[in-house]
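Peer 1: Structure below; questions to follow.
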Amino acid sequence: MMPTLIRFGPVPGWAILWVVFLAAAGIFAWRVTTLIRLLLLGRYENRFDRIPQRIWRVVVYILGQRRMLEEPLIGLPHLLIFYGFLMFLLSTNSMLLSGLLPFLHLPTVDENRFLAPVVDVFGVLVLAGLAVSSFRRFILRPAGLQRTIDATIVNSLIASLMVTFLLAEAFRSVGAGAALKGASTQESVWAPFGNWLAGVFSGYPALVVHATGLYYFFWWVHILTVLGFLVYLPYSKHLHLLAAPFSVFFSRLEHPGMLRPGVLLEGGMGAGRLNELTWRQLLAAFACAECGRCERACPSFQVGEPCSPRQLVHNLKMQLFLCGKVMMSGVPASKLDKETCLLEGLIPRNELWTCTTCRACANRCPVFNEHLSITIDLRRRLVERGELDKRLEEALRNLGRYGNSFGQSERKRAIWTQGLDFKPKDARKQPVQWLWYLGEYNCYHPALHPVTRSLARILQAAEVDYGILYEAERNSGNDTRRVGEEGLFEMLRERNTAVLRAADFKDLFTMDPHVYNTLKNEYPELNHGRHRILHHTELLAGMFQQGRLKAARRLSYGVTYHDPCYLGRYNGVYEPPRAVLKALGLKVKEMPRSRSFSFCCGGGGGRVWMEETGEAHSRPSESRVREAAALDGVQVLVVACPKDHVMFSEAVKTAGLEGKLAVKDLTELVAEAI
Amino acid sequence: MKIAVLIKQVPDLVEGLEIDASGKALDQDSLRYIISEADDHALEQALLIRERTGASVDVFALDVGEARDSLTTALAKGAERVTLVAAGLEAAPGSHALAELFAGVLRPQNFDLILTGVRAIDDLDGSLGGLLAGLLELPYVGLIRKVETGPGGETAIVQKEFPGGFITELEVKLPAVLGIQSAEQPPRYVPVSRLRQVMKTAKIGEQAVEPPQAQPIAVERLFKPEEGAGASMLEGTPEELAKQIAGLLAERHLLKG
Ligand code: HEM
Ligand code: SF4
Ligand code: SF4
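Residue numbers (this note's numbering), protein chains in the order written: chain H, 8 to 681; chain V, 214 to 470.
Here it is as structure tokens:
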């Protein structure tokens, strides 16, 4: 008999279920509507294009749980919980439906020959998954994972769902068996665990007598827990299970190296208030499962800076819940309290300025939150208001006036060529095959001049037809943009574009991954396949492959290679530098954090231009050189980014590794070998 | 309260300076102008007073070098009006001449407070502020690092630093001319997007003035310090050193007999 056909006093069970169900569904619907209205506070942003690509992302990252599986200890249990949940969605809904409409005798999943065993097995797998994930959360306690009440409640709720389901299943089968007197308890459907439990219970006459009553009891507990879960869910961090599929579906498909351009709103450039972020940026707050992956990956967080992408999203969520209601009530933006401002609210300034824009966080986030776009929109507003640190102001003023942050004369751009016994061609005056866009570090930083010259010599030796722009080149604007100075970025881009348009060249290369990123992704004039844009490691790898460069002697260093953020994570260039090292006969020993897991040197996103907060206990660059030095038999840390060269050379000194570890650009090794 | 700020263009030292063919002036072609640092501070101080009291800020610049850019920046920072003072000059004249030009412009306008940088790197004949105050018959204080206005805007309370680590606070009756050494905070940053917006709509006033009379001071020669051949270090025991010195003196025919 359907458990809802029993009566509680004069009231039939199904009537009670209807009341509870309608109440739970009503609260759920009301809450979800509120959440959607909160999202709609955000600005519009089109995330409805390229639907097939979006669906594919959902397949890979939701159904395939790819990023979750990067940490197998939680990824695997979560996979079980996730699929278990989907299965139970089916089974529980059918239970609910037949319970609400007991007179219709609807077929239920536990009577289905094919589905029943699957659900049964998943019930146990989910319990196993919960055991592992609870062990991890409460015993291993990985960094960045809070042991919140929330987590305890949800884990217990899910566990009790599974347990009550299995018990109900078992007692139903025991009860049915007793009723049929002597017929096998296994005759209905094959459900290994339920049947096994039923077998165990059958050995206890006291249980057999009350089997049907116990079945009703566990059935009711299960259904009421489910409805409780439905109500609790959108109020907890487990909102992620509703929001995550949407947040992945609506994630950004554009190249990560192309920052969303700053928009000039009524309140200014970027965002300062909740309603100046886009709805997808706000969705981050609901989708976040507080897993701490972003925080664990964050170089600034790791060295003790007041920077945590997890906290950023969390604060956004708090702010949204705190002030969203007022904003929804239709108060005009100008009349709103300061609290609705993110910047006057929960998000501290240093949190924003200490980010190196390394993208380690966004690269790991299982729900594809876009921490950086939020950080940079907020920075844009701070720049607009002139609230930035004095060193940064100085750098920006220099960039505006001299086209470089060093505050040097443009006429000194080619100062690095002193010491060469030839003069690179002037690409403004004669056609060249390759345009070498130097970037300000390679031009002005004295410590890099030998590196810059070594590439010039290699190219000269290989008879590459290249030229440089001399004093016409300006900072490409990559970091300027990421600091939040959108106007200055646009100005630099306009000037550089004009110079590039006037020059006659076929393809372009640069040694600086920051320059590479912005030229490749953010200069529309260059980006339409008219020119190839290469990093020098790609150029060199190609030349080795074509035999235009040959190692004349074998180098015998033990080397490891650091993937620059803007080359690797942003642009996926991992192989060419390794191919060059291989061509030199070197074996690369990989650091534990390599390729897309590479650890930022701490200099990106304009960090090199800012004052230190004084809150860090060390520097990311020091952590990185220690990592390299800890590898057996490695004497050289090979870099492919001028900022890395400077940061790591410095860090080798401060970490006391001088004599043990040397920092060399890839070109220096090539120059030694050919 | 009405505040006037006078700003001046000076050669940008970041660019290597060259002397022109006459040997009396900097080569204009290789020269780039920038707002004089102390003047930038004077403007910042005026803007701070404006924020505190609602005063209006007028900025005046002699039409030399990149004066227009500096005035646009001043507008973007929040100045009410900016005026280019056009005397048809290629380079800034000496401070006496400049003071006369500005005195002519400022006299009819009745400003309560006139701020300017206490000095500029290319001042030939003293600093502008004192000379201007003399012509306008107003009080003058220089080397100022903070300005506050007194009750009713009748006076200004200014801070001035003295060597030996002393700071004095002075009360100055307004109207007055003040020579600013540094503002209370470094000059503010103007985001480029704002600057560009202002550029589109900027109204830069222009006031033509007579070029100055011939001045009693004229530049005779401009040159870089002549470098000596450099020193060389002698090494050795005292006896050896004595011999070496004697040898060197003899070589240069500096020994008698
Ligand atoms: C729809 C796609 C989903 C995604 C992308 C997702 C993502 C996540 C993430 C990132 C965490 C943090 C775990 C960690 O790494 O430490 C998490 C935790 C959790 N998720 Fe999901 N989730 C999804 C769906 C679900 C579903 C359907 C359930 C079913 C109830 C669920 C249950 C849980 C539980 C119980 C935890 C806590 C694990 C712990 O204690 O560490 N998730 N989920
Ligand atoms: S981009 Fe890098 S530094 Fe910035 S918050 Fe993310 S992980 Fe941290
Ligand atoms: S933002 Fe993403 S990576 Fe960070 S805690 Fe939330 S879900 Fe995890």
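We put the CB at the ideal spot given by N, CA and C, even for glycine.
Met276/H CB to nearest chain V CB: under 8 Å?
Peer 2: By this cut-off, Met276/H is an interface position.
Peer 1: So Lys650/H packs on Cys608/H, CB below 8 Å; how close in whole Å?
Peer 2: Right, their Cβ atoms sit about 7 Å apart.
Peer 1: Looking at the structure shown, is Thr567/H part of a helix, part of a strand, or coil, going by DSSP?
Peer 2: Strand.
Peer 1: Measure the C-alpha to C-alpha separation of Val18/H and Ala31/H and round it to an integer number of angstroms.
Peer 2: Rounded to the nearest angstrom, the two C-alpha atoms are 19 Å apart.
Peer 1: Ignore the nearest five residues each way along the sequence and tell me which others in Met598/H's own chain have a CB closer than 7 Å to its CB.
Peer 2: Counting only Cβ-Cβ distances below 7 Å, and skipping sequence neighbours, we find Thr567, Glu634, Ala635, Leu638.
Peer 1: Let me know the secondary structure DSSP gives Met276/H once reduced to three states.
Peer 2: Strand at Met276/H.
Peer 1: At a Cβ threshold of 8 Å, is Tyr523/H touching chain V?
Peer 2: Closer than 8 Å: no.
Peer 1: From Glu710/H to Ile381/H, what distance separates their C-alpha atoms?
Peer 2: Outside the displayed range of chain H (8 to 681) lies residue 710/H, so it cannot be described from this structure.
Peer 1: Should Met498/H be flagged as near chain V, meaning a C-beta pair shorter than 8 Å?
Peer 2: Yes, its Cβ sits closer than 8 Å to a Cβ of chain V.
Peer 1: What's the C-alpha gap between Arg54/H and Leu46/H?
Peer 2: Rounded to whole angstroms, Arg54/H to Leu46/H spans 14 Å at the Cα level.
Peer 1: Would you grab the beta carbon distance between Val228/H and Thr171/H for me? Rounded to a whole angstrom, and I think it's under 8 Å.
Peer 2: Sure, about 5 Å apart at Cβ, within 8 Å.
Peer 1: Quick one: give me the first and last residue of the beta strand (DSSP E) that Trp443/H is part of.
Peer 2: It spans 439-443 - the beta strand (DSSP E) in which Trp443/H sits, taken as one unbroken run.
Peer 1: Does the separation of the CB atoms of Trp441/H and Tyr409/H fall below 8 Å?
Peer 2: No, Cβ-Cβ distance for Trp441/H and Tyr409/H is not below 8 Å.
Peer 1: To the nearest angstrom, how far is the alpha carbon of Leu284/H from that of Gly49/H?
Peer 2: Between Leu284/H and Gly49/H, the C-alpha separation is close to 5 Å.
Peer 1: Taking Leu406/H as the reference, which of Lys397/H, Thr364/H, Gly426/H, Ser483/H has the closest Cα?
Peer 2: It is Ser483/H whose Cα lies nearest to the Cα of Leu406/H.
Peer 1: Go to Glu361/V, then tell me how far its beta strand (DSSP E) extends in each direction, as first and last residue.
Peer 2: First-last of the beta strand (DSSP E) with Glu361/V: 353-362.
Peer 1: Please list, in chain order, the residues of the segment 403-436 of chain H that have any C-beta partner in chain V closer than 8 Å.
Peer 2: Cβ contacts with chain V come from Leu403, Arg404, Gly407, Arg408, Tyr409, Gly414, Gln415, Ser416, Arg418.
Peer 1: Run through DSSP, which three-state label would Pro224/V get?
Peer 2: Note: Pro224/V maps to strand in three-state DSSP.
Peer 1: Rounded to the nearest angstrom, what separates Thr517/H and Asn524/H at their Cα positions?
Peer 2: If you take the alpha carbons of Thr517/H and Asn524/H, they lie about 10 Å apart.
Peer 1: Pull up the DSSP beta-bridge partners for Asp271/V, would you.
Peer 2: Per DSSP, Ala217/V, Arg294/V.
Peer 1: Between which two residues does the alpha helix (DSSP H) holding Ala259/V run?
Peer 2: Where Ala259/V is concerned, the enclosing alpha helix (DSSP H) stretches over 250-266.
Peer 1: Count the CB pairs spanning the segment 73-81 of chain H and the segment 109-124 of chain H that are closer than 8 Å, and state whether there are at least three.
Peer 2: As far as the Cβ criterion goes, the segment 73-81 of chain H does not touch the segment 109-124 of chain H, which means the pair count is below three.
Peer 1: Determine the chain V residues that contact Val390/H at a beta-carbon separation under 7 Å, and present them in chain order.
Peer 2: Near Val390/H (Cβ distances below 7 Å), the residues of chain V are Pro404.
Peer 1: Starting from Gly494/H, find everything on chain V with Cβ-Cβ shorter than 8 Å and list it in chain order.
Peer 2: Those within 8 Å of Gly494/H in chain V are Pro404, Val405, Ser406, Arg407, Leu408, Arg409.
Peer 1: Need the endpoints of the alpha helix (DSSP H) that Glu302/H sits in, please.
Peer 2: Start and end: 300-304.
Peer 1: Could you tell me which of Leu214/H, Met169/H, Ser163/H sits nearest to Gly184/H, measuring between CA atoms?
Peer 2: Measuring from the Cα of Gly184/H, the nearest candidate turns out to be Leu214/H.
Peer 1: Is Arg614/H helix, strand or coil when you go by DSSP?
Peer 2: Three-state DSSP puts Arg614/H in a helix.
Peer 1: Kindly list the residues whose CB is nearer than 6 Å to the CB of Val490/H, restricted to its own chain and excluding five residues on each side of it in sequence; keep chain order.
Peer 2: Closer than 6 Å at the Cβ level, and outside the excluded window around Val490/H, lie Gly613.
Peer 1: Report yes if the C-beta distance between Ile393/V and Ala255/V is below 8 Å; otherwise report no.
Peer 2: Yes, these two residues count as a Cβ contact at 8 Å.
Peer 1: Starting from the Cα of Arg555/H, find the closest Cα among Asp514/H, Ser603/H, Val677/H and give me that residue.
Peer 2: Looking at the Cα atoms, Val677/H is the closest of the given residues.
Peer 1: Just to confirm the assignment, what range does the alpha helix (DSSP H) spanning Gly136/H have?
Peer 2: First-last of the alpha helix (DSSP H) with Gly136/H: 122-141.
Peer 1: Taking 8 Å as the cut-off, decide whether the C-beta atoms of Arg366/H and Pro263/H are in contact.
Peer 2: A contact, by the Cβ cut-off of 8 Å.
Peer 1: So, Gly363/V versus Gly355/V, is the Cβ gap smaller than 8 Å?
Peer 2: Contact flag unset, no.
Peer 1: Chain H partners of Val371/V, CB-CB under 7 Å?
Peer 2: Within chain H, no residue comes near Val371/V; the closest Cβ sits about 24 Å away, beyond 7 Å.
Peer 1: Compute the Euclidean distance between the alpha carbons of Ser269/V and Glu384/V, then round it to the nearest angstrom.
Peer 2: Those two C-alpha atoms are separated by around 21 Å.
Peer 1: I'd like to know whether the C-beta of Gly393/H is nearer than 8 Å to at least one C-beta of chain V.
Peer 2: It does; some Cβ of chain V falls within 8 Å.
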